[in-house]
Every structure is written in C-alpha cells, then in structure tokens.
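There are 2 protein chains.
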Amino acid sequence: MKKVADINHAIAVLSWDKEVNLPKDGALHRSQQVATLAGLAHTEFTATEFGTMLSRLSEMPSLSAAEKKNVSVTLDKYTKATKFSEDFVIKKSRIESEAYHAWHKAREANSYEVFKDSLSDLITLKKEEAEKLKYSGHPYDAMLDQYEPGLTVDQLDPIFEGVKKDLKKLIKKIGKSKQVDSKFLNKKYGWNRQWELGLDILENMGYDFNRGRQDLSTHPFTTSFSPMDVRVTTRVDENDFAYMLWSTIHEGGHALYEQGLPVEDYGLPTGSYLSLSIHESQSRLWENHVGRSRAYWSYWFPSLKADFPKSLKKTNLDGFYKGINKIKPNLIRTEADELHYHFHVLIRYEIEKGLMDGSIDTVDLDLVWNEMYREYLGMSAEDANQGILQDVHWAHGSLGYFPTYSLGSFYAAQFFAQAQKDIKKLNKKLSKGDTSQLLKWLRENIHQHGRRYEADELCNRITGESLNFDHFLRYASDKFLDVYNG
Amino acid sequence: MKKVADINHAIAVLSWDKEVNLPKDGALHRSQQVATLAGLAHTEFTATEFGTMLSRLSEMPSLSAAEKKNVSVTLDKYTKATKFSEDFVIKKSRIESEAYHAWHKAREANSYEVFKDSLSDLITLKKEEAEKLKYSGHPYDAMLDQYEPGLTVDQLDPIFEGVKKDLKKLIKKIGKSKQVDSKFLNKKYGWNRQWELGLDILENMGYDFNRGRQDLSTHPFTTSFSPMDVRVTTRVDENDFAYMLWSTIHEGGHALYEQGLPVEDYGLPTGSYLSLSIHESQSRLWENHVGRSRAYWSYWFPSLKADFPKSLKKTNLDGFYKGINKIKPNLIRTEADELHYHFHVLIRYEIEKGLMDGSIDTVDLDLVWNEMYREYLGMSAEDANQGILQDVHWAHGSLGYFPTYSLGSFYAAQFFAQAQKDIKKLNKKLSKGDTSQLLKWLRENIHQHGRRYEADELCNRITGESLNFDHFLRYASDKFLDVYNG
Chain A
1437 MKKVADINHA IAVLSWDKEV NLPKDGALHR SQQVATLAGL AHTEFTATEF GTMLSRLSEM
1497 PSLSAAEKKN VSVTLDKYTK ATKFSEDFVI KKSRIESEAY HAWHKAREAN SYEVFKDSLS
1557 DLITLKKEEA EKLKYSGHPY DAMLDQYEPG LTVDQLDPIF EGVKKDLKKL IKKIGKSKQV
1617 DSKFLNKKYG WNRQWELGLD ILENMGYDFN RGRQDLSTHP FTTSFSPMDV RVTTRVDEND
1677 FAYMLWSTIH EGGHALYEQG LPVEDYGLPT GSYLSLSIHE SQSRLWENHV GRSRAYWSYW
1737 FPSLKADFPK SLKKTNLDGF YKGINKIKPN LIRTEADELH YHFHVLIRYE IEKGLMDGSI
1797 DTVDLDLVWN EMYREYLGMS AEDANQGILQ DVHWAHGSLG YFPTYSLGSF YAAQFFAQAQ
1857 KDIKKLNKKL SKGDTSQLLK WLRENIHQHG RRYEADELCN RITGESLNFD HFLRYASDKF
1917 LDVYNG
Chain B
1437 MKKVADINHA IAVLSWDKEV NLPKDGALHR SQQVATLAGL AHTEFTATEF GTMLSRLSEM
1497 PSLSAAEKKN VSVTLDKYTK ATKFSEDFVI KKSRIESEAY HAWHKAREAN SYEVFKDSLS
1557 DLITLKKEEA EKLKYSGHPY DAMLDQYEPG LTVDQLDPIF EGVKKDLKKL IKKIGKSKQV
1617 DSKFLNKKYG WNRQWELGLD ILENMGYDFN RGRQDLSTHP FTTSFSPMDV RVTTRVDEND
1677 FAYMLWSTIH EGGHALYEQG LPVEDYGLPT GSYLSLSIHE SQSRLWENHV GRSRAYWSYW
1737 FPSLKADFPK SLKKTNLDGF YKGINKIKPN LIRTEADELH YHFHVLIRYE IEKGLMDGSI
1797 DTVDLDLVWN EMYREYLGMS AEDANQGILQ DVHWAHGSLG YFPTYSLGSF YAAQFFAQAQ
1857 KDIKKLNKKL SKGDTSQLLK WLRENIHQHG RRYEADELCN RITGESLNFD HFLRYASDKF
1917 LDVYNG
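Right under this line is the structure:
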C-alpha cells in the first residue's frame, strides 16, 4: 500500500507541476507519463496476491480496531477495483476521454448540441457501471458511493428538501431587505500586497510552510504528496480582491486537514482523508464560518486597511463584513454566494438522479436545466457556457460528485456549532487573531483520525447526532439576518 | 521502453521539484517516492519477457540500421542490468547510502577519517561490481563504461598524458605574463537584472521557453522530461556575476541538446543523448567556445554595460574579455578555470584508476591527494573539505564519472573547430548575436542523432578523426596567449 501511495503521490507531483509550472508544449508527454503511472498503480493495487492477502487479513481476529478498518476499507476498494473487466475499463476510458473532448468543443461552440451525444454515451456507461458496482436502492447510489462512501439518495433527499423549502424561505426573507454594498471588493488591490496577505493568512491559520508552499495556478487547488508536503495554489486578480482572499482560506482549510493526517499511517486509510464531504467541510468551515465572520475580520480588517488604504478608504469593518456576505443569485456555481450555492448543487443532484433512473433524458437537457434555474434561482442562462456546460465534472465522467460540495457546507456548520460549544470564547479568540484553539479542536476531532471512521460515525462522535441540516440553517439565518437587518 | 521512460521522467520531475520547490520537511517522503519509482523502472526493464523480446529482435535481419542500434544498445543495457543478483543490489544500495551519510558527516567534521572506512567498503564493492560486469583491460574500464560506453584506460591514458605535458607547458608559458584583472566580476550586480539577463541569453542561444523554463536551485542543473519539457536552473549571487552568467550558458548548452533530440524516438536510445562526454561537449562548447569568446561579447558587452553601468564603468570590452578568461590555479574543481580544470580531473582519474587496480589505497588517501595537488597545481588543501571531500561523486558511488568532464571539453574543442570550418564567418555571426547557424549545425551533426552512433563514430563522422587532444590544445594556446599577451 505504501508502494501504491508512492505512485499516486508521484502522479500528484506531476499533476501539480502541470498546473503550476508546465511549459506550453510539455502537456502531451506529461499526460502520457501520468497515464503510465496510473496504470502501474492500478496493476499494483489489483494484483491477485494483494487481494488474497487482504481476504486473509480480514479474517484475522487479532487485529486492532484501526487495523481492521484499514483492511476492510482496502478490501472494499480492491473488490470494486477488480469488478471491471479490462474491456470495460478501456471502453470507460475511451468514452470519458471522448466526452471531455466533446465538452471542450461544445464550450468553444457555446452549444449543448455538440456535447449531447457524448453525454448520452456517458450516461449509458454510468448505468452499466452502476449495475456492475451493485446498489440496493437507487442506481445513483452506486455513483454517490464512489465519492462519498455509503452515501445514498435516501439520505440526500431529505437534506435537499431542506434546501428547497427552508433555505428558499430564508433567502426570500433576506430579499426583502436593502441590498448591501460590495463594490469596494472590485477596486484595485495591488498584486504583491495581495500575495503577501495570502501568505500571512495561511500562516495565521496554522498552515505549516515547512510542510508546504503556496503557488499560482489558473484554478486554485490543494494537493498532498504526504502530510509533510501539502501544497496550495491561488490566483491573484487585482480587480477582484475576494477571489484571492477566500480561495486562499478555502484551500488553506483543505491543506490543514492534509497536514494534520497521521504521517505514520502514510499509505493506509487511517492516514488518508475520510471522504470528499469531510474534506470540503474543512475548507468551508475556514472559508465561511471563520473567513466570513465578523470576529475574524475584527482582527484582520485594520491591517487590511493599512495594506490597501486607497481601496478601503470609505469602508469600515461593518461595511466590509456585510459586503463580503452579500447574497445575490448568480448563474455560475463557482461564483455563487454561500446560500444560493446549494441550489446549483440541488439542480445537479436532481438531474444526475433523473439521468440515472431514466426519468430525465440527455435530449433537451439544456432546456430542463434552464427550467430548473428559473424555478430555483429565478434566472436562466442565455447560453450553454453560462448554463449546462459551465462545469467540467460530467465531461470527466464524474457523476455523484456535486452533492459532496453541499454536504461539506452542512457538515461544516454542524462541526463549527460544536466547536463553539467546546472551545471557550472561540469568537473572542478569533477576534484576537488566535485560530490555534480551533485548529487544535479540528486536529483532535477530525484530522488525526484519517479514515478511521465513516462520515456518519465521525459526525456522531463529534456532535452526538448524524448530519442535520438544521445547523446550517440556524447558522445561515443568524448570520444573514444580522448582515441584512443588523 | 516508453513505459520505463515515463517512469524515469516522472523520477526526473520529482527530483527537479526536490531541488527547486521542496518544503523543508518534505524530503523523507520524496526520497521514498523516488526509490519506489526507481524500483518499478528496474522491475519493468529487467522483466524476462522483455529480455527474450530483445534477443529475438537482435536476430531479425529485416531491421533498419537505427532499429538495430536501438535493439543492441538496449540489449546491452538489459544484460548489464540483469547481471546483479538481488542480494548484490541491496548490498550496493546499502553501502552507497552509508557512504553518502558518512561523507556528509565527514564534511561536517571536516575530516577524511570519518569518510575513510565507508570509502574503503565502497571500493571493495566497486571491484566486485567490475568483476561482475567483466572487462578485458583495466578493472577501471568497467567503471568508465557505465558513464561513457566503451571508454577505456587505454584511450584515456594518452589524452591525460597530453594534459600532463602539453597543457602544463602552456600554463607555464601563460604564467610568465602579467596577470589579468577580474575584480570587476565581484562588484555588485543586481539580482533582478541578472535574472533577466540569464533569460535573454538563453533565448538568444535558441533555448525554447515553450519547451522549458529557468528556475533557481542551490546547484545549477538541466533536466529533461521529454524534448518538449527541458528545464534549467541557475543561482544568482549579487557579488559573483560570473556564476549566474556561465552556469546559465553551460546549462543552456545541455538543454539545447535535450530539446534537439528527436521527440518521435521518445524512450528509445535514438531519442536519448549519446553519452555524458558528448552531453558535456555541448555545455562546454557554449560556455567556453561561445560564451568566453571575444566575438560573443563584442555583441553582448554594450547591453551588459547598459544593464550594469556602475559595476562596469571602468571596464571595456577588451578588459572584460580578458577578465573572464583569467587563469589561476585553485583548489576547487567547480571553481577552476578552463585550463587548470583538467588537472583536477586528472588527479581524480589517477586516484580512481589506482584504487581499482590496488596501486592506491584508501588509507592516507588524503595525503596522496595533497601530494598530487602539489605536483599538478602547485598548491594543496589546508583541510579535507577543500581537498578530498570537495565533491559528492564518490559518496554517490560514482567512480568513472570525472573523466567525462574533461572529455566533454576536448570534444567541444574538436567540434567547434569543425563548426568554424563548416559555417561561413561563424565568428562574425556570433559578434552580431546570431547563434542560429551554430545551433543548426549542432542540431544536424549531433542532436538529431541521439544515440544513433557511438561517441567515437560520431566524432569521426563530424570531424574525420577520433578524439584528438591537439584541438583543445590549439584552441587553448590561441586564446590564452592572446588573452595574456594580446
């Protein structure tokens, strides 16, 4: 397993380098090198001797609980990885690669028509994949499980019901208040000072620069080569201050999780992150619960104002806090505010579910898309690039990924509510720039366990209950009614 | 072979990243990841099926000459790679790793005593290695062949005789003239302008930034992930202008070779560099024959003076040209001038040869070292770090590597003499900043062939004769007598 981890981390280095450093003409060979390593990792991981060893280990009574967990998670992964015949793997890789190219062409043509047939092939493939992987409830469960182990439609439906009803109600309420001003975020913020600020913020969060670095890339991301080398990237836009700021805090949250995993369990499930939604809970907790809180900015705002005296001349802490929490519907998921965001995911969820059970078809899916946007966000895209073609996930064959984004936010709210109970005067600490107690709490309750527990188990251990949308709703109404009526 | 090349290039990416980007605590896992990939490359390359396939191919009469060459070179490599038992490989890896650690400790203690026993073990190992690899003449031949295929003591002895006699005579002659002034090189040269100049110089040489990049590292190096991604590094020292300048030109020469290899032969010998000495011939040709020539600087000097008006205020082209070609003995190989350099290599050569045939022992080797330095350079080190511990090569287990450095210079002289015959008014072109004809000549005569020919064969094809030390001697006496008496 160390060997497989080494190969996968080598792939991560090559991929990081691709986004951060690659010269223009280097892409072709780089892809080929990554593909070769991926093939090697697959060969090593699916070796029959390895499977036999895992089966034998799974029957050994003498293992510790952590060891048992490592064996069972790996055996499950092994079983799934060996369910696909070589023919199917080749077909899958071909269809996904075709879909990716078609999506690129469709983006260039700004036309769903160009992507439609490939998407249809992809859905047929995904249905076949689901049958091979098996599922007991909805066929979409087999997709969800690949990104969030054990997650099902039965669990998600009531959560998204909460989004549809209660979150909609809250947004409606907010909509009656006067809109807040956020224009100051688009004044000019110098490149160098933004860059330095990003580093300062990471340092203050507890990100360890002896175990990582910040670089630039088109799309910010976090990657890990081991808990001793966890790297983040950002993008600096002089006319969009918010972009660097919250992408840095967001990626910083991901990175703290990775830096906090037990290094002695390198390569084992207990040395790895739990799931995508728990990973996302860490980035969102820092981004939104800390990074968009009044307490946090009451510490940072004075130095921010000193850094950018011109652009923040007419802005005070209260105005800043309100501006950075502005709520306004938008067509693009990645640019959505904290509340509308979940309607973007809800739409993906309903479409993906429908595609998998056949109640929605790829024909005219762009029309279905626009209808849903009108219903849930009160607006619809004028073209395909602003609409159904906006995200790459489907083109990568990733069905079942989107819901983990929303789950991340909801877990974040529940965890943060608990942290506020467990840590004395957390807000006061944050308002003094002291994030150390919060990080300690996250390390003890989440990071150090790796994949020792399932998401639901972890959530119960920490908060005494399963994921409960009410926590997010309470956080959201407390904060946004304050922002809009305070 | 593509697969093995992909793995090896992945290792190159991880190693480049280690030198350029690695956070302080990331080293341990990075070494482990590189070791895993190296093991995989070895397993793939030494697979029995692969050997069988190569044997069968080597008996096929229908192959083209290039195909035959690819098969024979690979079969030879395969045969050598499979000569070592697993036990021996493990022992080798252990002894080399111990030697490396001992060398580090010895450097810290500035004491040869600390390194001595490990070096002794290493020599015993190398003797065993030579017996396994087989050789027909001197046991050192088996070492040389690993870095420079086919190279023997019989070929090297007469060349180093030339160094000992004729080069010594030339240096003596120069020594009678008034020393030239090079103090201007140690004035202050601003960081940013040096960096920009380095990029300009690479661009002017024909280095393709769409297929590579320049970065910073402690020791400058060139690495290739394919001819489409060949990277160079440098180091900028504000008080040592020469360092950035000629390290950039030197690495640029290596990089042009790699960028000029036939990309369609990726993974094959014909898509790879010929040998270490031919690689070094490319870097030295650019560094010394171009980069320290009067013609080249008659183009660059005016812009250099505009870039650094203060530091070069009292220096004119003639003074600059003479200063950058100053000859003065020095204890450190990597800081040696163009002529004394070869005495450093000569000493390594004689010691390595003696260690392999038993005529020199590791006991008191530091005394032998100092004696030789007194004899050949007229000076000896006051401590081990300035003497026998200065280079890492032995600690890496690299015996037989050093001679390729000198061969590189001598090939460079012979190639450049030919280029001056073949390219009309080459000096005039260089003095106008036009290096394109020279690069075209190198591409056609050397780069495009990869390992299609052996070094001696290539040398004969290009210059009509085997390596001949006279070319270097003629170049050296023409240039340095001009510098010192002109």
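Residue numbers (our numbering), protein chains in the order written: chain A, 1437 to 1922; chain B, 1437 to 1922.
Even for Gly, the Cβ is constructed at its ideal location relative to N, Cα and C.
Note that the coordinates shown come from a computational prediction; the quantities given were computed from them, not determined experimentally.
{"Check": "The stretch 1820-1827 of chain A contacting the stretch 1789-1806 of chain A, beta-carbon criterion three pairs below 8 Å", "Outcome": "yes"}
{"Check": "Buried or exposed by the 16-neighbour rule on C-beta atoms within 10 Å, applied to residue 1645(B)", "Outcome": "exposed"}
{"Check": "Supposed contact pair residue 1875(B) and residue 1692(B) - C-beta distance, whole angstroms, cut 8 Å", "Outcome": "6 Å"}
{"Check": "Environment of residue 1742(A) [buried if 16+ CB atoms lie within 10 Å]", "Outcome": "exposed"}
{"Check": "Selection of the stretch 1859-1881 of chain B by Cβ proximity to chain A, strictly under 7 Å", "Outcome": "none"}
{"Check": "Reduced DSSP category for residue 1657(A) - H, G, I as helix; E, B as strand; rest coil", "Outcome": "coil"}
{"Check": "Collapsed DSSP secondary structure at residue 1704(A) in the structure displayed", "Outcome": "coil"}
{"Check": "Strand pairing of residue 1666(B), partner residues [DSSP]", "Outcome": "1660(B)"}
{"Check": "Alpha-carbon to alpha-carbon, residue 1553(A) and residue 1525(A)", "Outcome": "20 Å"}
{"Check": "Opening and closing residue of the alpha helix (DSSP H) in which residue 1718(B) lies", "Outcome": "1712-1720"}
{"Check": "Whole-angstrom C-beta distance between residue 1776(A) and residue 1721(A), which should lie under 8 Å", "Outcome": "The pair is not a contact, with the Cβ atoms about 19 Å apart (cut-off 8 Å)."}
{"Check": "Under 7 Å by beta carbon: chain B residues contacting residue 1648(A)", "Outcome": "1459"}
{"Check": "Three-state secondary structure (DSSP) of residue 1652(A)", "Outcome": "strand"}
{"Check": "C-beta neighbour in chain A for residue 1884(B), strict 8 Å", "Outcome": "no"}
{"Check": "Close Cβ partners of residue 1737(A) (< 7 Å) along its chain, the five nearest in sequence each way excluded", "Outcome": "1753, 1756"}
{"Check": "Runs of alpha helix (DSSP H) lying entirely within the stretch 1805-1875 of chain A, each at least 4 residues, in chain order", "Outcome": "1838-1858, 1862-1867"}
{"Check": "Residue-chain proximity (residue 1450(B), chain A), Cβ-Cβ < 8 Å", "Outcome": "yes"}
{"Check": "Residues from the stretch 1502-1526 of chain A in contact with chain B, defined by Cβ distance under 8 Å", "Outcome": "none"}
{"Check": "Sufficient close CB pairs (3 or more, under 8 Å) joining the stretch 1710-1718 of chain B to the stretch 1579-1586 of chain B", "Outcome": "yes"}
{"Check": "Span of the alpha helix (DSSP H), counted from its first residue to its last, around residue 1496(A)", "Outcome": "Unbroken run through residue 1496(A): none, as it is neither H nor E."}
{"Check": "Within chain B, partners of residue 1665(A) - CB distance below 8 Å", "Outcome": "1458, 1459, 1461, 1462, 1465, 1466"}
{"Check": "Element boundaries [alpha helix (DSSP H), containing residue 1545(B)]", "Outcome": "1522-1545"}
{"Check": "Where the alpha helix (DSSP H) through residue 1907(A) begins and ends", "Outcome": "1905-1921"}
{"Check": "Reference residue 1906(B); option with closest CA among 1866(B), 1688(B), 1494(B), 1846(B)", "Outcome": "1846(B)"}
{"Check": "N-terminal and C-terminal residue of the alpha helix (DSSP H) that residue 1596(A) is part of", "Outcome": "1589-1598"}
{"Check": "Within-8 Å CB hit, residue 1661(B) to chain A", "Outcome": "yes"}
{"Check": "Status (buried if at least 16 other CB within 10 Å, exposed otherwise) for residue 1535(B)", "Outcome": "buried"}
{"Check": "Cα-Cα separation, residue 1577(A) to residue 1512(A)", "Outcome": "16 Å"}
{"Check": "Unbroken alpha helix (DSSP H) run spanning residue 1470(B), endpoints", "Outcome": "1463-1481"}
{"Check": "Any chain A beta carbon closer than 8 Å to residue 1754(B)", "Outcome": "no"}
{"Check": "Residue-level contact to chain B via CB, residue 1578(A), 8 Å cutoff", "Outcome": "no"}
{"Check": "Proximity test, Cβ basis, 8 Å: residue 1422(B) and chain A", "Outcome": "Past the edges of chain B, shown from 1437 to 1922, lies residue 1422(B), and the structure says nothing about it."}
{"Check": "CA nearest to the CA of residue 1883(B), picked from 1495(B), 1769(B), 1689(B)", "Outcome": "1689(B)"}
{"Check": "Nearest neighbour of residue 1793(B), chosen from 1811(B), 1574(B), 1901(B) [CA to CA]", "Outcome": "1574(B)"}
{"Check": "Per-residue DSSP class, three states only, for residue 1795(B)", "Outcome": "coil"}
{"Check": "Inter-stretch contact at 8 Å, needing at least 3 Cβ pairs: the stretch 1853-1867 of chain A / the stretch 1605-1625 of chain A", "Outcome": "no"}
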